[in-house]
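Numbering (the numbering used here), first residue to last: 3 to 71.
We put the beta carbon where it would ideally sit given N, CA and C, even for glycine.
Contents: one structure, followed by commentary.
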């Protein structure tokens, strides 16, 4: 079970709850980086073979967008 810091934006928590534990662990590391910086949100790349997460200047802090680059 993941331990989610209390200072996470609500959208981050909802997103984590909807993911399988393996991917949630991957996203959690990126979310911690986002919260520490407090500047950018999260972009989830959902490509056919690989799924990943990164902070993105195009996504407002506290929000998550799924898409491809």
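Open item on the list: Let me confirm a value: residue 33 is counted as buried when at least 16 other C-beta atoms fall within 10 Å, else exposed. Which label applies?
Closed with: Taking the chain shown and counting its residues from 1, the one referred to as residue 33 is at position 31. Buried, because 16 or more other Cβ atoms sit within 10 Å of the Cβ of residue 33.
Open item on the list: So, under 8 Å CB-CB, residue 47 and residue 28 are touching, yes? Tell me the CB distance rounded to an integer number of Å.
Closed with: Indexing the chain shown from 1 puts residue 47 at position 45. Indexing the chain shown from 1 puts residue 28 at position 26. Rounded, the Cβ-Cβ distance is 11 Å, inconsistent with contact.
- [ ] Just tell me which of 67, 4, 41 and 59 has its CA closest to the CA of residue 53.
- [x] To locate residue 53, count along the chain shown from 1; it is residue 51. Ranking 67, 4, 41 and 59 by Cα distance to residue 53 puts 67 first.
Task: residue 35 to residue 21 span [Cα, whole Å] - done: On the chain shown, residue 35 is found 33 positions in, with the first residue counted as 1. On the chain shown, residue 21 is found 19 positions in, with the first residue counted as 1. Rounded to the nearest angstrom, the gap between the Cα atoms of residue 35 and residue 21 is 19 Å.
Open item on the list: If the criterion is Cβ atoms closer than 7 Å, does the pair residue 26 and residue 65 meet it?
Closed with: As a working note, residue 26 is residue 24 in the chain shown. As a working note, residue 65 is residue 63 in the chain shown. The answer is no: Cβ separation not under 7 Å.
Open item on the list: Do residue 41 and residue 10 count as a contact pair if the criterion is CB distance below 7 Å?
Closed with: For the purposes of this step, residue 10 is taken as the residue at position 8 of the chain shown. For the purposes of this step, residue 41 is taken as the residue at position 39 of the chain shown. 7 Å or more divides the Cβ of residue 10 from the Cβ of residue 41.
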